[in-house]
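A short worksheet on the structure shown next.
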Amino acid sequence: MKHKTIIEPFKIKSVEPIFMSTEAEREKFLEKANFNTFLLKSDQVIIDFLTDSGTSAMSADQWAGVMIGDESYAGSKSWERMEKAVKHLTGMEFVLPTHQGRAAERILYSHLGGKGKTFISNTHFDTTRANIEFSGAEAIDIAIDESHDPSLLHPFKGNINTDKLEKLIQEKGAKNIGAVILTVTNNSGGGQPVSMQNTKDVSAICKKHGVLLILDCCRVAENAYFIKHRETGYENKTYEEIAQEMFSLTDGAAMSSKKDALVNMGGFLTVRDKSIAEACTNLLIITEGFATYGGLSGRDMEALAIGLKEVFDPAYLEYRIKSTAYLGEHLHKMGVPVMMPIGGHAVYIDAKKLYSHIPVDQYPGQALACELYIKGGIRTVEIGSVMFGKYDENGKLIPAPMELVRLAIPRRVYTQSHIEYVIETFDEILKNRNNTKGYKIVKEPKFLRHFTSHFQKIN
Ligand SMILES: *Cc1c(COP(=O)(O)O)cnc(C)c1O
């Protein structure tokens, strides 16, 4: 028979206890954390949906790999295995290990970037943009128009607008384009996938103009799942074959392996061009480590090589994408305004719609993040005017375009009943909807204020 219930395709060998706090305890914890979920301690949290980065549970095979990690400074066996796994997946000749994604980005984009250069992407992830801008170059986002409407259904909302791409390259001049960067899935755009057709079109435009195409491939396996199930012609390909085809259309890739390589730390950079590889290797050795470890332990590289294979297991990917959708679609049916369709790694709630009585300068997203913590011990993050808001010259808030709260789901960590518990918590959130109050910021740093700001509830 074909079962309706999708079970976790793993047994649990090792458990990490959760401290089960009461609502009264959480009121105190949150007050002490000045109503900022980043300032909570992890043992004050029941379900941690702060991020899916570096929070995966490793498999028994990966832990076994940790024990055979070769910690040699040069020519480590574990590096050989990692290099082989990356080459098998990407088909690229040169691979550089890095301690995480942004290290790969800093190396590649400081080499390709600099003053006068332009980078074009569906959406640059924040560390990608920061590294490009730090080099003196500019970063322009041109996802398709459909990506800006949170409730619009479109199978590949992560796609790049190819008309705009063509125009921008002509306007800026091909020699001034540092690279075109395709982020799969599009993290900042809600974990939405990019189609193979769009990748082919982007690749053809880049080839025509002699511009480099780089894949930000943090979630390339999750993206492959969507292609297999939504794009004609890919029904009978394996997830790994789909990912391999995507890499074949590009000139290089950067990966934060803390996502789809199922490890707690790690990353890599890979390119086809020898001269880029040589320049980047020099930078790697100066700041990260020798070319056969790049800031990683042998055991990290071993776990990464294994994770990069495991993530393409069809049973795993089906469980991963469908369990994320299960949460999102349940919330949608209950009347919680969620971003549609549900992406690969997270569910995004539209807090401006949920709390239409809370003005944006009283941070409806922060209000929801606090409510979720108090009612369920669920830790999330505001992605709205706390994170991206700015002030005008009169000190008035210039709000972000959207007031979202992200529930990012760690890989292989939570079970169906954890998810049911989260859904139940939203019942309470909806009941209290009209009594929920906004917040004001009472203390904030100059940059990246969401990490350390202090808040007060407005009564
Ligand atoms: C996480 C992430 C990065 C940066 O990786 P780190 O490992 O956090 O440095 C870059 N791009 C995307 C799309 C990401 O999700």
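For the sequence shown, the numbering used here gives the first residue as 66, with consecutive numbering after it.
Virtual Cβ for every residue (Gly too), placed ideally from N, Cα, C.
If you're wondering where the values come from, they're calculated on a predicted model, not measured in any experiment.
GLU203 bridges to which residues according to DSSP? THR183
Please report the straight-line C-alpha distance between LEU469 and GLY140, rounded to a whole angstrom. 46 Å
Around the C-beta of ASP108, are 16 or more other C-beta atoms found within 10 angstroms, so that it is buried, or is it exposed? exposed
First and last residue of the uninterrupted beta strand (DSSP E) at TYR138: TYR138 -> no beta strand (DSSP E), and no H or E assigned at all.
Is THR192 close to ligand 1? I mean its beta-carbon at under 7 Å from any heavy atom of the ligand. yes
Locate the alpha helix (DSSP H) running through SER450, then write down its first and last residues. 450 to 453
Give a single yes or no on whether ASP365 has its beta carbon closer than 7 Å to a heavy atom of ligand 1. no
If you scan the segment 424 to 509 from start to end, which runs of the beta strand (DSSP E) of 3 or more residues do you find wholly inside it? 446 to 448, 469 to 473, 504 to 508
Based on Cα-Cα distance, which residue from LYS323, LYS182, ALA318 lies nearest to PRO475? LYS323
In DSSP terms, what THR335 is bridged to: VAL160, ALA318
Look up VAL276 in the DSSP assignment and say whether it is helix, strand or coil. coil
Where does ASN252 fall in DSSP's three states? coil
Taking 8 Å as the threshold, find out whether the segment 244 to 253 comes into contact with the segment 168 to 185 through three or more Cβ pairs. yes
Beta-carbon proximity list for LEU230, same chain, < 8 Å, skipping 5 on both sides: ILE185, ILE207, VAL245, VAL267, ILE270
I'd like to check one pair, GLY298 with PRO258: are the Cβ atoms closer than 8 Å? no
Assign LYS511 to one of three DSSP states: helix, strand, or coil. coil
CB of GLU287 within 8 Å of CB of GLY409, strictly: yes
Exposed unless 16 or more other CB atoms sit within 10 angstroms - verdict on GLU367: buried
Using 8 Å as the threshold, is the C-beta distance between PRO215 and ASP415 below it? yes
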